[in-house]
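Novice:
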Amino acid sequence: MRVALHRLPIALVLLALLAATAAHAVEVRFERVAEGVYAFIGETGARTSTNEGLNANLGLVVTPAGALLIDSGASFEGARQIHEAVRRVTTQPVRWVINTGGQDHRWLGNGYFQAQGAELIAHAGAEADMRDRGNDQLQALRAVLGPKADSTVPTLPKRWLRGGDERLDLGGVVVEFKHRGGAHTPGDTIVWLPAHRVLFSGDVVYVDRLLGVLPMSRTKAWLDTFAAIEALNPERVVPGHGRVCSLDQARRETRDYLTALRAHMKRAVDEGVDMSAAIRSFDARPFAYLLNAAELMPGNASRVYLELERE
Ligand SMILES: [Zn+2]
191 MRVALHRLPI ALVLLALLAA TAAHAVEVRF ERVAEGVYAF IGETGARTST NEGLNANLGL
251 VVTPAGALLI DSGASFEGAR QIHEAVRRVT TQPVRWVINT GGQDHRWLGN GYFQAQGAEL
311 IAHAGAEADM RDRGNDQLQA LRAVLGPKAD STVPTLPKRW LRGGDERLDL GGVVVEFKHR
371 GGAHTPGDTI VWLPAHRVLF SGDVVYVDRL LGVLPMSRTK AWLDTFAAIE ALNPERVVPG
431 HGRVCSLDQA RRETRDYLTA LRAHMKRAVD EGVDMSAAIR SFDARPFAYL LNAAELMPGN
491 ASRVYLELER E
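Just so we're aligned, residue 191 is where the sequence shown starts under this note's numbering, counting upward by one.
#1: Count the CB pairs spanning the stretch 321 to 333 and the stretch 288 to 299 that are closer than 8 Å, and state whether there are at least three.
#2: So is the beta-carbon of ASP393 under 7 Å away from any non-hydrogen atom of ligand 1?
#3: Tell me the DSSP bridge mates of LEU382?
#4: Can you name the residues that DSSP bridges to ASP355?
#5: Give the DSSP bridge partners of TRP412, in chain order.
#6: With distances taken from CA atoms, which of LEU248, GLY226, TRP286 and VAL227 is nearest THR234?
#7: Once you ignore the five residues that flank GLU485 on each side, which residues in its own chain have a CB closer than 7 Å to its CB?
#8: Measuring CB to CB, does ALA308 end up less than 8 Å from VAL276?
#9: Taking 7 Å as the cut-off, is the beta-carbon of ALA269 closer than that to any non-hydrogen atom of ligand 1?
#10: Take ALA450 as the anchor and find which of HIS431, GLU274, LEU360 and MET487 has the nearest alpha-carbon.
#11: Just checking my contact of GLY291 with ASP355 at CB under 8 Å: how many whole Å lie between their CB atoms?
#12: Determine the direct distance from the alpha carbon of VAL223 to that of THR409, and round the result to whole angstroms.
#13: Taking 8 Å as the cut-off, decide whether the C-beta atoms of SER262 and GLY226 are in contact.
#14: Whole beta strand (DSSP E) runs in the stretch 277 to 337 with 3 or more residues, listed along the chain?
#15: DSSP state of HIS431, grouped into three classes?
#16: Would you tell me roughly how many angstroms separate the C-alpha atoms of ASP359 and ASN289, rounded to the nearest one?
#17: How close, in whole Å, do the beta carbons of GLY361 and GLY256 come, if the pair is a contact with beta carbons under 8 Å?
#18: Okay, do the stretch 389 to 404 and the stretch 419 to 438 touch, 3+ Cβ pairs below 8 Å being the bar?
#19: Among the residues of its own chain, which have a CB less than 8 Å from the CB of VAL193, if the five just before and after it don't count?
#20: Taking 8 Å as the limit between beta carbons, can you name the residues of its chain near PRO424, skipping five residues before and five after?
#21: Report back the beta-carbon spacing between PRO344 and ILE311 to the nearest angstrom; my notes put them in contact at under 8 Å.
#22: With DSSP run on the structure shown, which of helix, strand or coil describes ARG222?
#23: With respect to 7 Å, is the separation between the Cβ of GLY430 and the closest non-hydrogen atom of ligand 1 below this value?
#24: Quick test of your reading: MET465 and VAL494, contact by CB under 8 Å. State the CB separation rounded to the nearest angstrom.
#25: At which residues does the alpha helix (DSSP H) containing VAL459 begin and terminate?
#26: In angstroms with no decimal places, state the Cα-to-Cα distance between VAL363 and PRO384.
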């Protein structure tokens with residue numbers, strides 16, 4: 191049945207219009223994690239037009255000489271909204287943007303921030319991945335965001351970090367970076383603020399929802415990267431996805447799942463068990479409470495099996 195708008199009381203029509211407008215806006219809001227350190231906690235579900243593809247977390251560090259943004263969001267328009275949220279926290283300009291990996295919502299907002307004068311920084315391990323997948327990622331986002339993706343141009347960082355352990359002084363704040371050969375994507379790098387004991391993990395840590403193993407993921411290096419996080423013993427972890435958490439929660443919901451899955455698939459590959467039998471026999475129950483578990487488990491299991499065959 192079609193509802194004729196002109197027959198509805200005007201108040202109802204206004205209410206409906208208001209709801210429609212609200213549904214079009216994601217609210218980017220940074221929450222305080224420590225003195226001068228903030229996180230935006232994105233939705234744990236899928237990319238949608240409503241959330242601007244921002245179904246991931248971001249970080250913000252305010253220094254006396256400018257603000258450091260950790261990840262630039264999935265689009266030019268999303269980045270503009272991130273910038274508005276930054277302005278509600280500080281009057282400092284965004285002077286540096288770090289991309290913690292090559293996933294769309296970590297770097298496709300780069301063009302916006304470069305136009306604002308920010309310096310874009312990432313680990314060199316991300317470069318090939320960004321070049322290879324940038325246009326495909328944008329195509330996939332167009333299907334979700336429609337015309338809202340129009341001004342987005344994949345924009346690579348100009349400054350590449352090359353070592354496994356790097357340290358920058360940004361406006362008097364020491365920021366450390368650790369790269370152990372990739373994780374969820376080949377360029378995944380963790381960002382450590384030693385003075386605050388806060389860790390921004392990028393896609394190395396997922397909590398509340400199950401992590402995703404992609405064809406370009408490297409789960410062996412992923413666990414090496416996780417070990418680097420444990421060695422730092424952070425007080426608070428801002429994960430790539432999910433709420434700000436403790437190291438213990440990160441262990442249970444990221445490390446333990448990867449460790450169990452790799453051990454199971456290694457045994458299967460060593461014993462010549464075929465992939466579908468190996469996927470069926472994995473005991474997923476300890477992780478079934480995590481969001482997206484049912485959808486992601488089979489794909490994750492098959493990719494880890496293939497990775498162990500290659501090792
Ligand atoms: Zn992600």
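Idealized CB from N, CA, C, for every residue including glycine.
Specialist: So, from the data block:
#1: Three or more beta-carbon pairs separated by less than 8 Å link the stretch 321 to 333 to the stretch 288 to 299, which places the two stretches in contact.
#2: Taking the first residue of the sequence shown as 1, we reach residue 393 at position 203. Because some heavy atom of ligand 1 lies under 7 Å away, the Cβ of ASP393 counts as near it: yes.
#3: For this step, residue 382 is matched to residue 192 along the sequence shown. The displayed chain sequence assigns Trp, not Leu, to residue 382. Beta bridge pairing from DSSP links TRP382 with GLU366 and LEU389.
#4: Translated into the one-based positions of the sequence shown, residue 355 becomes position 165. Answer by DSSP bridge pairing, in chain order: LYS368.
#5: Looking up residue 412 in the sequence shown gives position 222. Paired residue(s): none; TRP412 is not in a bridge.
#6: Within the sequence shown, numbered from 1, the residue matching residue 234 stands at position 44. That would be LEU248, whose Cα lies nearest to the Cα of THR234.
#7: The sequence position of residue 485 within the sequence shown is 295, counting from 1. If we look at GLU485 and ignore the five residues flanking it on each side, it has no Cβ neighbours.
#8: Against the sequence shown, residue 308 aligns to sequence position 118. Against the sequence shown, residue 276 aligns to sequence position 86. Contact flag unset, no.
#9: Residue 269 sits at position 79 when you count from the first residue of the sequence shown. Outside the cutoff, so no.
#10: Here residue 450 refers to the residue found at position 260 when the sequence shown is read from its first residue. When only C-alpha atoms are compared, the closest one is MET487.
#11: Taking the sequence shown and counting its residues from 1, one reaches residue 291 at position 101. Taking the sequence shown and counting its residues from 1, one reaches residue 355 at position 165. The Cβ separation is near 17 Å, so there is no contact.
#12: Start at 1 with the first residue of the sequence shown, and residue 409 comes out as number 219. Start at 1 with the first residue of the sequence shown, and residue 223 comes out as number 33. If I take the Cα positions, the gap works out to 29 Å.
#13: For the purposes of this step, residue 262 is taken as residue 72 along the sequence shown, with counting starting at 1. For the purposes of this step, residue 226 is taken as residue 36 along the sequence shown, with counting starting at 1. Contact flag unset, no.
#14: DSSP runs (the beta strand (DSSP E)) wholly in the stretch 277 to 337: 284 to 289 and 309 to 313.
#15: Stepping through the sequence shown from its first residue, residue 431 is reached at position 241. Collapsing the DSSP output to three states places HIS431 in a strand.
#16: Within the sequence shown, residue 359 is the residue found at index 169, counting from 1. Within the sequence shown, residue 289 is the residue found at index 99, counting from 1. When rounded, the distance between both Cα atoms is 17 Å.
#17: For the purposes of this step, residue 361 is identified with residue 171 of the sequence shown, where counting begins at 1. For the purposes of this step, residue 256 is identified with residue 66 of the sequence shown, where counting begins at 1. Contact flag correct, Cβ pair sits at about 5 Å.
#18: With a cut-off of 8 Å, the stretch 419 to 438 and the stretch 389 to 404 count as touching, because enough Cβ pairs lie within range.
#19: Position 3 of the sequence shown, counted from the first residue, corresponds to residue 193. Residue placement at VAL193 is poorly supported in this model, since its pLDDT is 45, which falls under 50; the coordinates still yield a value, given next. Taken in chain order, the list of residues that qualify is empty.
#20: Counting from one through the sequence shown, the residue named residue 424 turns up at place 234. For PRO424, where only same-chain residues beyond five positions count, the Cβ hits under 8 Å are TRP382, ARG387, VAL388, LEU389 and LEU437.
#21: The residue labelled residue 344 in the question sits at position 154 within the sequence shown. The residue labelled residue 311 in the question sits at position 121 within the sequence shown. In fact, because the Cβ distance is near 16 Å, the residues do not count as touching under 8 Å.
#22: As a working mapping, residue 222 is identified with position 32 in the sequence shown. It is a strand residue.
#23: On the sequence shown, residue 430 is found 240 positions in, with the first residue counted as 1. Because some heavy atom of ligand 1 lies under 7 Å away, the Cβ of GLY430 counts as near it: yes.
#24: Sequence index remark: in the sequence shown, residue 465 carries index 275 (1-based). Sequence index remark: in the sequence shown, residue 494 carries index 304 (1-based). Not quite, the Cβ-Cβ distance comes to about 10 Å (not below 8 Å), so this is no contact.
#25: Taking the sequence shown and counting its residues from 1, the one referred to as residue 459 is at position 269. Looking at the DSSP string, the run of the alpha helix (DSSP H) that includes VAL459 is 446 to 460.
#26: In the sequence shown, residue 363 corresponds to position 173, counting from 1. In the sequence shown, residue 384 corresponds to position 194, counting from 1. Straight-line Cα distance between these residues: approximately 9 Å.
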